[in-house]
Amino acid sequence: MATIFIETPLGITSITGDENGITKISITEDSQKAPSKEIPDTLKEAVIQLQDYFEGKRNEFTIKLNPSGTDFQKKVWTELSKIPFGKTVTYLDIAKRLGDPKCIRAAASANGKNPLWIVVPCHRVIGSDGSLTGYAGGLWRKKWLLEHESPSKQQSLF
């Protein structure tokens with residue numbers, strides 16, 4: 002299992018995985034972490050796809066994933082992966098997709114434990130009132146990601 006660090010517009014990001022797939026992608030608040038100088042072959046495609054995403058050249062990921070979690074968490078993460086680029090859903094929508102609107106809190110909890118930042122797009126889940134609720138990476142990052150994916154980006158008049 003290898004872990005590397007890359008620079009992104011939202012800060013230093015760690016990527017962990019091996020030949021079985023990527024197990025974790027997360028933003029780090031550790032300002033001492035520097036981008037990795039060498040990238041193992043097993044992580045190169047993840048780095049390329051994340052860089053393409055941040056450059057606006059990619060709107061879906063095709064890297065092999067291998068996250069650890071309960072069966073329920075994995076079901077939630079699968080549903081998150083189905084949210085189209087540039088779209089949002091609510092926590093209730095996710096619970097309904099799982100077949101039980103009453104599991105909304107459990108679905109929200111699983112959403113919050115998503116180990117695959119951006120690739121499994123938990124940032125596309127919002128409150129029923131349209132508010133940006135709960136985001137492990139900070140609400141400012143969630144806002145940035147949603148704006149980055151917005152089909153109607155702000156255009157300069159000059």
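Our numbering applies: residue 2 is where the sequence shown begins, and numbers increase by one. Ideal placement from N, C-alpha and C gives every residue a C-beta, glycine not left out. Please read all numbers here as calculations on a predicted model, not as lab measurements.
Reduced DSSP secondary structure (H/G/I, E/B, other) of residue i
i, result
"residue 70", "coil"
"residue 3", "strand"
"residue 99", "coil"
"residue 46", "helix"
"residue 8", "strand"
"residue 155", "In this predicted model, residue 155 has a pLDDT of only 49, less than 50, meaning its place in the structure is not dependable; the value taken from the coordinates is given anyway. Note: residue 155 maps to coil in three-state DSSP."
"residue 62", "coil"
"residue 33", "coil"
"residue 134", "coil"
"residue 80", "helix"
"residue 38", "coil"
"residue 140", "helix"
Residue i: first and last residue of the uninterrupted alpha helix (DSSP H) it sits in
i, result
"residue 113", "105-113"
Sheet register partners of residue i (DSSP bridge)
i, result
"residue 27", "15"
"residue 126", "90"
"residue 22", "19"
"residue 150", "DSSP output for residue 150 lists no bridge partner at all."
"residue 117", "26"
For residue j and residue i, believed in contact at Cβ under 8 angstroms, the rounded distance
i, j, result
"residue 163", "residue 126", "With the chain represented from 2 up to 159, any question about residue 163 goes unanswered, as that position is not in the structure."
"residue 4", "residue 17", "4 angstroms"
"residue 11", "residue 145", "6 angstroms"
Are the region 41-49 and the region 75-90 touching by the rule of at least three beta carbon pairs closer than 8 angstroms?
-> no
Flag this pair as touching only if the region 106-114 and the region 21-33 have three or more C-beta atom pairs under 8 angstroms; answer yes or no.
-> no
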